[in-house]
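One structure is given here, and the rest of the page talks about it.
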Amino acid sequence: SSNATVFFQRLSVIITDFVFYYGSRKCAQSIALLVKSTKTKKKKYMDESNISVFVIELLLIANVTLLLIDQIHFQYNGFLFGILLISISHILKGENYLGAFWFTVLLNFKHIYLYLAPAFFVYLLRHFCLQRNVQFALKRFIKLGLIVLSVCSISFGPFIFNGQILQVFKQLFPFKRGLSHAYWAPNFWALYNTADIGAKIT
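Listed below in structure tokens is the structure:
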């Protein structure tokens, strides 16, 4: 790549990192403001002075490895992580529809965040769609579903219209390439790779 291309890519990463800084600020404020009362078991809010927003925000922003990786690999992880923090901040404030909206936007930007979807789904189902008398709030569930469908329709609608949706899913989930890469961290997938290689040998 030319120096101009690398400069453009790095500059675009730096610009989109402002979303990460904004998300860190929003999430830090939500964490600092939200306090659960043990007596009433209701959410109440306190002054930011009681909990240091700056410390929480600094812990989120001071992720040197994230900044280094984005400057080399250009995957815009800071931008995506910022959207995740924005979604979490809305949910912490009880703005569940906005939280669901931003998380769906995040999924449509990068499907690797699907592993967080069950946690979001269970939380919204338990704390938002199930009321205190254990009755299912169908209207809330439908509204959440419409938010998810609306965002996904905007993203995938043109591909569905042009009959290319299968090609999109093949690119998103390339099972023919294998489930993991050889350079992944030594966790469960390392055991899977070992078993896979052993199966090929036998």
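1 is the number of the first residue of the sequence shown in UniProt numbering; add one for each residue after it. We treat Cβ as the ideally placed atom computed from N, Cα and C, and that holds for glycine.
Through-space distance from residue j to residue i, alpha-carbon basis
i	j	result
Arg132	Leu84	28 Å
Phe20	Phe156	25 Å
Ile197	Leu191	10 Å
Lys93	Lys26	10 Å
Thr40	Leu34	Residue placement at Thr40 is flagged as unreliable, the pLDDT there being 44, under the threshold of 50; a coordinate-derived value is accordingly withheld.
Tyr97	Leu144	6 Å
Ile31	Asn162	44 Å
Trp102	Ala62	23 Å
Leu172	Leu106	14 Å
Gly23	Ser87	8 Å
Gln164	Phe79	27 Å
Lys36	Leu124	Residue placement at Lys36 is flagged as unreliable, the pLDDT there being 48, under the threshold of 50; a coordinate-derived value is accordingly withheld.
Asn193	Gln75	25 Å
Ile160	Val55	46 Å
Tyr113	Thr104	10 Å
Thr5	Leu149	36 Å
Val168	Val151	16 Å
Arg140	Phe188	37 Å
His73	Thr65	12 Å
Phe18	Pro118	28 Å
Pro158	Lys170	16 Å
Under the three-state DSSP convention, the category residue i falls into
i	result
Phe136	strand
Thr38	Only weak support exists for where Thr38 lies, its pLDDT of 37 falling under 50; the coordinates are left without a value.
Ser49	Note that Ser49 scores a pLDDT of 49, beneath 50, so its modelled location is shaky and nothing firm can be said.
Gln164	coil
Ala119	helix
Lys110	coil
Ala199	helix
Ala190	helix
Ala100	helix
Glu57	helix
Gln131	coil
Phe159	helix
Phe74	coil
Phe169	helix
Enclosing alpha helix (DSSP H) for residue i [first to last residue]
i	result
His127	Neither: His127 is in no alpha helix (DSSP H) and is coded neither H nor E.
Tyr22	3 to 33
Gly82	77 to 92
Nearest residue (CA-CA) to residue i, options the options
i	options	result
Leu68	Lys143, Leu34, Val13	Val13
Ile142	Cys129, Cys152, Leu80, Ser153	Cys129
Gly82	Val55, Ala195, Lys110	Lys110
Ile147	Tyr115, Lys200, Gly99	Gly99
Asn77	His90, His127, Arg10, Ile91	Arg10
Val53	Ile154, Leu116, Gln29	Gln29
His90	Val6, Gln167, Ile112, Phe120	Phe120
Ser153	Asn108, Leu58, Glu95, Lys170	Asn108
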